Amino acid sequence: MSNLVLLLVVLPFVAAAAIYGLRAAALRSGLVMLTGGVLAVASVVLLARGLEHDFTGLPTAVLGVAWDTLITVADFALLGVILLWGLRRKSALVVLFTAAQLVLLAIFERFVLEPGPAFAPLYADSLSLILVLIISIVGSIICIYGLPYMRIHEEHLALRRSRQPEFFFYMILFLGAMNGLVLARNLLWFYFFFEVTTFCSFMLIQHDRTEEAIRNATRALWMNSLGGLAFLLGVVIAYGELGTIDMLAVVQSGSPTGVLLGALGLLAVAGFTKAAQLPFQSWLLGAMVAPTPVSALLHSSTMVKAGVYVVLRFAPAFAGTALSTGLALCGGFTFLACAALAIGQSNGKRILAYSTVSNLGLILACAGINTKAAFTAAVLLIVFHALSKGLLFLCVGSIEQEIGSRNVEDMRGLFHRMPRTAVITITGILSMLLPPFGVLVSKWLAIQAAAENIVVVTLVALGSALTVVYWARWAGLLMGSRKAGAPWESQPLLTRGALAVLCGAVVVLSLLTPVVYGELILPMFAAMPALDAAAPLEVGAGGVLGGPMGAFAVYPVFVVLVVGLLAAVLFMRRTGRTRYTHPYLSGIHVGERDAGVFRGPMNLPVTAELGNYYLATIFGEARLTRSANLAAIVLILLMMGLAMKGGVPS
29 MSNLVLLLVV
39 LPFVAAAAIY
49 GLRAAALRSG
59 LVMLTGGVLA
69 VASVVLLARG
79 LEHDFTGLPT
89 AVLGVAWDTL
99 ITVADFALLG
109 VILLWGLRRK
119 SALVVLFTAA
129 QLVLLAIFER
139 FVLEPGPAFA
149 PLYADSLSLI
159 LVLIISIVGS
169 IICIYGLPYM
179 RIHEEHLALR
189 RSRQPEFFFY
199 MILFLGAMNG
209 LVLARNLLWF
219 YFFFEVTTFC
229 SFMLIQHDRT
239 EEAIRNATRA
249 LWMNSLGGLA
259 FLLGVVIAYG
269 ELGTIDMLAV
279 VQSGSPTGVL
289 LGALGLLAVA
299 GFTKAAQLPF
309 QSWLLGAMVA
319 PTPVSALLHS
329 STMVKAGVYV
339 VLRFAPAFAG
349 TALSTGLALC
359 GGFTFLACAA
369 LAIGQSNGKR
379 ILAYSTVSNL
389 GLILACAGIN
399 TKAAFTAAVL
409 LIVFHALSKG
419 LLFLCVGSIE
429 QEIGSRNVED
439 MRGLFHRMPR
449 TAVITITGIL
459 SMLLPPFGVL
469 VSKWLAIQAA
479 AENIVVVTLV
489 ALGSALTVVY
499 WARWAGLLMG
509 SRKAGAPWES
519 QPLLTRGALA
529 VLCGAVVVLS
539 LLTPVVYGEL
549 ILPMFAAMPA
559 LDAAAPLEVG
569 AGGVLGGPMG
579 AFAVYPVFVV
589 LVVGLLAAVL
599 FMRRTGRTRY
609 THPYLSGIHV
619 GERDAGVFRG
629 PMNLPVTAEL
639 GNYYLATIFG
649 EARLTRSANL
659 AAIVLILLMM
669 GLAMKGGVPS
């Protein structure tokens, strides 16, 4: 077991250092693939060993230095590096928030923290193991996809010297930091890995070193440094109340006081910044300037998942309080507002970004609802969102490198030019949109779990309705007729393999939803006595149809879906023999009617173009962002105020 932990946490740090020193592309690529493969296998083996592990067998020191000392030294060194970057980028906010962390951490470590009962610094339960699987498998696939992608990307940039060693150093390091974060039981270890993810995201966002990339990376750094400060403050206050930095002791403390609720609220705010919740969403949207593998990694398996993990991990500690209700309102509002903002976007990456923030809001709303049904929805959303969103980002990256655009309007009729990628992209979109794919099943459960709170259930229902608009619009653009015998697009083997594996996983894991629930989610509740005593959703003995609310009756719906797919394929084959006719242009055609040219102003010829209506006057960023951010700030302040007042029961 100790070796598995070392593979999952320490190996990526060692491999990243080796990758940074390798200038031979073939050796570097081989090491990236080997590390990804080892992480994936180790995560599966760890899961196979059981659902709860207290890693007491870990060595207490490395090279004669205690692990706690090593983590402390590394923490101060990392904060020092971030402070230097803040000075270099002339960001007063980065300097302020980082300096505050340095001072607070020094005071806490030197004058406040006292030796306490010994406990293993690392711990795994089913929630941790689910995150480890996502990080190690989906994250590794994204890193491997990045090998051919970055070669083409750098050819496009015409770089004299490759930056791939630095790029894959931070990508692989990110995986190790995330595994460390979700396996940490010692809150100071948790905080260290939390800050490593902040620094890795900063370096990856600014990778291309354009003015826009540097500006957006600096914004991401100060926002997440604010989150780091909130997290550290929460740890210090919680220690003052409980006298421990044992995460499990904090989670299981029970009946939290107003001061402890304030500390838990600060931890939730730290999660908000990492998960890019309103009003912190701008850092994640700005991260879209980074190479696509970075976007995919941040959105699917690492950075933002750290944010929701923090909140989910501590949510049982404040179940039944006003903090819990406030969290549900904040998450539900973000879900609705960002779904509305996504409607006004035509840039594929920004649609995916707003969709990510929106879905993370739904996960946090479920954490705030704080029942077993809501936790089930939250964890399923984490799993299926990671797969579908990782797949869609990689698809957009491949499409962009082929057509030179991220605009979804430029993807119209993509099936003719990139049939394989178009089909996979549509599968990814449908997995966010239709039953019985996991994302929609999870949303269904979330709505049912929120049924007793009229405000939250209204926010979630309206947000779910709005998501249909932008997903259906995008999917409809991609299809079209294709000439018989036309060649399939040419792609590097690693690109094609990454897309195929993720696409297959989206479908297969949706089929296995009852298994995921029964084997991974149900055991989680044994360690959450603070949640409601009502029986959780069960997959009944009579089969999947026997479960309460029919929540996991996925197989009959999949049969209907396959029949519909076969009918669609037959219809598409017929369209290949039909003649495409341009729309009638009111009798003012110029030349041949099928040319699609009409006489416009000044009698000049104008080519007719098809395009969607993005309702910018209603859902545009300029119209909604400021008011949405202000409303989110008010909700967060209200949540924190009620928590510190004493956590009046909701």
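Numbering (my numbering), first residue to last: 29 to 678. Beta carbons are placed, not taken as given, at the ideal position from N, Cα and C, and that holds for glycine. Note that this is a predicted model, so its numbers are computed, not measured.
- In terms of CA proximity to residue 219, 253 leads the group 192, 253, 193.
- Note on residue 321: 16 or more other CB atoms within 10 angstroms of its CB, so buried under the neighbour-count rule.
- The beta carbon of residue 496 sits closer than 7 Å to those of 461, all from its chain and outside the five residues before and after it, given in chain order.
- The Cβ atoms of residue 415 and residue 336 lie no closer than 8 Å to each other.
- Counting the other Cβ atoms within 10 Å of the Cβ of residue 123 gives 16 or more, which makes it buried.
- By alpha-carbon distance to residue 427, the top candidate from 417, 437, 446 is 446.
- Residue burial is scored here from C-beta neighbours: residue 641 has fewer than 16 other C-beta atoms within 10 angstroms and is therefore classed as exposed.
- Cα atoms of residue 471 and residue 448: separation of roughly 29 Å, rounded to the nearest angstrom.
- One thing to note: residue 289 has its Cβ no nearer than 8 Å to the Cβ of residue 281.
- With a minimum length of 3 residues, there is no unbroken run of beta strand (DSSP E) contained wholly in the stretch 195-271.
- Comparing alpha carbon positions, the residue from 118, 100, 32 closest to residue 133 is 100.
- Excluding five sequence positions before and after residue 192, the CB atoms of its chain that fall closer than 6 Å to its own CB belong to 178, given in chain order.
- At a Cβ-Cβ threshold of 8 Å, residue 356 and residue 393 count as neighbours.
- Counting C-beta atoms within 10 angstroms of its own C-beta, residue 97 has fewer than 16 neighbours from the protein chains shown and is therefore classed as exposed.
- At the C-beta level, residue 526 and residue 422 come within 8 Å of one another.
- Proximity to residue 652 across 401, 361, 65, 480 peaks at 361, based on C-alpha coordinates.
- Taking 8 Å as the cut-off, the beta carbon of residue 40 is found closer than this to the beta carbon of residue 200.
- The shortest CA-to-CA distance from residue 457 to any of 307, 384, 31 is the one to 384.
- Under the DSSP assignment, residue 635 falls outside any alpha helix (DSSP H), being part of the beta strand (DSSP E) whose first and last residues are 633-635.
- The Cβ neighbour count for residue 184, taken over all protein chains shown within 10 Å, is under 16; the residue is labelled exposed.
- Residue state for residue 322 is assigned as helix, using DSSP reduced to three classes.
- The stretch 47-61 and the stretch 79-93 do not touch, with fewer than 3 CB-CB distances between them shorter than 8 Å.
- Within a 10 Å sphere around the beta-carbon of residue 333 sit 16 or more other beta-carbons, which makes this residue buried.
- With contacts defined as CB atoms closer than 8 Å, residue 259 and residue 227 fail to qualify as a contacting pair.
- Distance from the CA of residue 649 to the CA of residue 31, rounded to the nearest whole angstrom, comes to 49 Å.
- Under the three-state reduction of DSSP, residue 626 is assigned to strand.
- Within the same chain, 258, 261, 262 come within 6 Å of residue 294 by CB-CB distance, once the 5 residues on both sides are set aside.
- Of all C-beta pairs linking the stretch 396-414 to the stretch 310-321, fewer than three are shorter than 8 Å, placing the two stretches out of contact.
- Distances from the alpha-carbon of residue 207 to those of 429, 616, 38 put 38 closest.
- In this structure, DSSP gives residue 153 a state outside helix and strand, which the three-state scheme calls coil.
- Under the three-state reduction of DSSP output, residue 94 falls in the strand class.
- Relative to residue 436, the option among 598, 498, 108 whose CA is nearest is 498.
- Residues 68 of the same chain have their beta carbon placed closer than 6 Å to that of residue 165, with the five preceding and five following residues left out of the count.
- Taken atom to atom, the span from the alpha-carbon of residue 582 to that of residue 66 is near 32 Å.
- Separation of residue 189 and residue 433 (C-alpha to C-alpha, rounded to the nearest whole angstrom) is 25 Å.
- Shown here, residue 481 sits in coil according to DSSP, grouped into three states, outside any helix or strand.
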